[in-house]
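Asker: Start counting the sequence shown at 78; every next residue gets the next number (our numbering).
Using N, Cα and C, we set each Cβ at its ideal position, and we do this for glycine too.
In this text the structure is predicted, and so the values were computed from the model without any measurement.
Have a look at the structure that comes next, please.
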Amino acid sequence: MSAMIECINLSKSYGNKKALKNINFEIQSGQPIALVGPNGAGKSTLFGLLSGYMAATSGEARIFGHKVGSPELIGRIGALPQDALFDPNLTLLQQLSYLARLQGYSRSASQKEALRVLELMQLTDVHKEKITALSHGMKKRVAIAQALMGTPELVLLDEPTAGLDPENARNIRQQITELAGETTFIVSSHNLSELERMCSQVMHLEQGELKALQAIGMSDDKTLQSLDYLTLRLQQKDSEIHNKIKRLNSVQDVSIKHEDEFIIAYDRSSNITLDQDLLKLLAAESVAYRQIIQGQSLEDQLFMKTNN
Numbered sequence: 078m079s080a081m082i083e084c085i086n087l088s089k090s091y092g093n094k095k096a097l098k099n100i101n102f103e104i105q106s107g108q109p110i111a112l113v114g115p116n117g118a119g120k121s122t123l124f125g126l127l128s129g130y131m132a133a134t135s136g137e138a139r140i141f142g143h144k145v146g147s148p149e150l151i152g153r154i155g156a157l158p159q160d161a162l163f164d165p166n167l168t169l170l171q172q173l174s175y176l177a178r179l180q181g182y183s184r185s186a187s188q189k190e191a192l193r194v195l196e197l198m199q200l201t202d203v204h205k206e207k208i209t210a211l212s213h214g215m216k217k218r219v220a221i222a223q224a225l226m227g228t229p230e231l232v233l234l235d236e237p238t239a240g241l242d243p244e245n246a247r248n249i250r251q252q253i254t255e256l257a258g259e260t261t262f263i264v265s266s267h268n269l270s271e272l273e274r275m276c277s278q279v280m281h282l283e284q285g286e287l288k289a290l291q292a293i294g295m296s297d298d299k300t301l302q303s304l305d306y307l308t309l310r311l312q313q314k315d316s317e318i319h320n321k322i323k324r325l326n327s328v329q330d331v332s333i334k335h336e337d338e339f340i341i342a343y344d345r346s347s348n349i350t351l352d353q354d355l356l357k358l359l360a361a362e363s364v365a366y367r368q369i370i371q372g373q374s375l376e377d378q379l380f381m382k383t384n385n
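Pasting the structure below:
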């Protein structure tokens with residue numbers, strides 16, 4: 078199967094500053110993909126290149142086998158910039174109908190398409206309102222609605238839930254999840270717990286370089302990729318328990334997140350009862366614990382350093 082997105086030595090510079098440095102990756106269509114990294118990592122620049130808003134300094138990006146900017150990609154890619162702006166003088170229906178006309182829809186078809194995406198984002202009741210009359214959450218939903226016009230096969234969302242209250246964030250997350258079967262989403266956000274709920278893969282950028290592209294929950298260390306994980310949280314720190322956990326059957330690695338929290342990597346195929354063995358060890362050592370959780374968080378996966 079050919080890749081949906083292929084980037085080959087993709088680079089972008091602003092003067093002497095290199096925003097992206099020889100990025101190489103392939104992505105298949107499917108479940109939502111998380112794009113993470115600190116401010117200045119190159120996330121917005123990558124979105125700008127993939128959506129055709131800016132040109133690469135060197136290298137190239139192909140989507141559905143076509144170079145970015147090719148006429149063959151018109152209508153197949155949608156994008157939500159982080160700070161999307163709308164004309165304050167137009168109603169939502171007028172604004173989205175206008176954007177549909179720019180995509181080639183006829184006058185009557187553009188209104189139908191605008192109403193379709195407004196209904197999709199539960200905004201039909203306010204279609205006669207102007208953007209200035211809406212709450213921040215509604216404005217964000219309008220911005221996502223415009224990204225979904227034309228039923229694109231790929232949608233790039235930059236901070237789709239930033240600044241939203243929990244209910245609005247949940248509604249947007251639910252919409253993305255429901256549409257994921259027919260549209261591939263790449264979602265950029267600093268909210269890692271939000272991304273964990275939506276995405277199956279993560280792409281990690283840092284200082285313009287690609288650090289990882291992997292399944293969520295899988296280590297980027299190839300020696301640890303076939304392993305399972307337990308997260309252990311103690312009532313208080315215990316300086317001795319770390320080495321004792323490492324000696325348990327099938328344990329391959331124990332990483333220290335905090336003085337009272339450990340991430341345990343183990344081979345489940347050789348020990349399916351590690352959680353029970355761990356409980357026995359804690360009881361024998363009179364070590365009180367708060368939680369034992371199956372798996373590791375996206376934050377742990379990306380940013381925790383291994384302690385051997």
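#1: How long is the line joining the alpha carbons of residue 202 and residue 122, rounded to whole angstroms?
#2: Start and end of the beta strand (DSSP E) containing residue 280?
#3: Please report the straight-line C-alpha distance between residue 325 and residue 293, rounded to a whole angstrom.
#4: Short of 8 angstroms in beta carbon distance, which residues of its chain neighbour residue 131, apart from the five on each side in sequence? Order them along the chain.
#5: Taking one C-beta from the stretch 193–200 and one from the stretch 211–229 each time, how about it: are there three or more such pairs within less than 8 angstroms?
#6: Let me know the secondary structure DSSP gives residue 252 once reduced to three states.
#7: Which of the three DSSP states, helix, strand or coil, is assigned to residue 306?
#8: How is the beta strand (DSSP E) around residue 267 delimited, first residue to last?
#9: Could you round the C-beta distance between residue 356 and residue 343 to whole angstroms and report it? I think they count as a contact, below 8 angstroms.
#10: Helix, strand or coil for residue 221, going by three-state DSSP, please let me know.
#11: Express the C-alpha separation of residue 206 and residue 218 in angstroms, rounding to a whole number.
#12: Can you tell me where the alpha helix (DSSP H) holding residue 319 begins and where it ends?
#13: Is it true that the CB of residue 285 sits closer than 8 angstroms to the CB of residue 242?
#14: Look at the alpha carbon of residue 318 and the alpha carbon of residue 112, and state the distance between them as a whole number of angstroms.
#15: Using the C-alpha atoms, what's the distance from residue 329 back to residue 119?
#16: Leaving out five residues before and five after residue 354 in sequence, what residues of the same chain have Cβ atoms less than 6 angstroms from its Cβ?
#17: Which of the three DSSP states, helix, strand or coil, is assigned to residue 111?
#18: I'd like to know if the stretch 227–243 and the stretch 143–159 are in contact, where contact means that at least 3 CB-CB pairs between them fall below 8 angstroms.
#19: Can you check whether the CB of residue 268 is closer than 8 angstroms to the CB of residue 238?
#20: Here's a check: name, in chain order, each residue in its chain whose Cβ is nearer than 8 angstroms to the Cβ of residue 301, leaving out the five neighbours to either side.
#21: Given a cut-off of 8 angstroms on the beta-carbon distance, is the pair residue 322 and residue 358 in contact?
#22: Mind pulling the beta strand (DSSP E) runs of 3 or more residues that sit fully within the stretch 322–346?
#23: When you compare only the Cα positions, how much space is there between residue 107 and residue 361?
#24: Nearest to residue 173 by alpha carbon, out of 327, 190, 185?
#25: Roughly how many whole angstroms lie between the Cα atoms of residue 254 and residue 316?
#26: Quick one: what does DSSP say residue 366 is sitting in, helix, strand or coil?
#27: Please determine, among 139, 337, 138, 169, the residue with the shortest C-alpha to C-alpha distance to residue 19.
#28: What is the DSSP secondary structure of residue 80, counted as helix, strand or coil?
Answerer: This is what the structure holds:
#1: Within the model, the alpha-carbon separation for residue 202 versus residue 122 is close to 35 angstroms.
#2: Per DSSP, residue 280 belongs to the beta strand (DSSP E) from 278–283.
#3: So the two alpha carbons sit approximately 26 angstroms from each other.
#4: Within the same chain, residue 131 has close Cβ partners 89, 122, 125.
#5: The stretch 193–200 vs the stretch 211–229: in contact.
#6: Reduced to three states, the DSSP call for residue 252 is helix.
#7: Residue 306 carries a strand assignment under DSSP once its states are collapsed to helix, strand and coil.
#8: First-last for residue 267: undefined, no H or E at that position.
#9: Contact doesn't hold; Cβ gap of about 14 angstroms is too wide.
#10: It is helical.
#11: Their backbone Cα atoms lie some 14 angstroms apart in a straight line.
#12: Taken as a continuous stretch (DSSP letters only), the alpha helix (DSSP H) holding residue 319 covers 318–323.
#13: Between residue 242 and residue 285, the C-beta spacing is not below 8 angstroms.
#14: Cα to Cα, the separation comes out at about 36 angstroms.
#15: Spanning the two alpha carbons is a distance of roughly 34 angstroms.
#16: Here the set comprises 325.
#17: Shown here, residue 111 sits in a strand according to DSSP, grouped into three states.
#18: Yes, the stretch 227–243 is in contact with the stretch 143–159.
#19: Note that the C-beta distance between residue 238 and residue 268 is below 8 angstroms.
#20: Note that residue 301 scores 47 on pLDDT, short of 50, meaning its location in the model is unreliable and no value can be drawn from it.
#21: One thing to note: residue 322 has its Cβ within 8 angstroms of the Cβ of residue 358.
#22: Scanning the stretch 322–346 for uninterrupted beta strand (DSSP E) segments of 3 residues or longer gives 328–335, 338–343, listed from N- to C-terminal end.
#23: Cα to Cα, residue 107 sits roughly 47 angstroms from residue 361.
#24: Nearest C-alpha to residue 173: 190.
#25: Those two C-alpha atoms are separated by around 42 angstroms.
#26: DSSP places residue 366 in strand when its eight states are reduced to three.
#27: A question about residue 19 goes unanswered here, because the residues of the chain that appear run from 78 up to 385.
#28: Looking at residue 80 - three-state DSSP - the assignment turns out to be coil, as it is neither helix nor strand.
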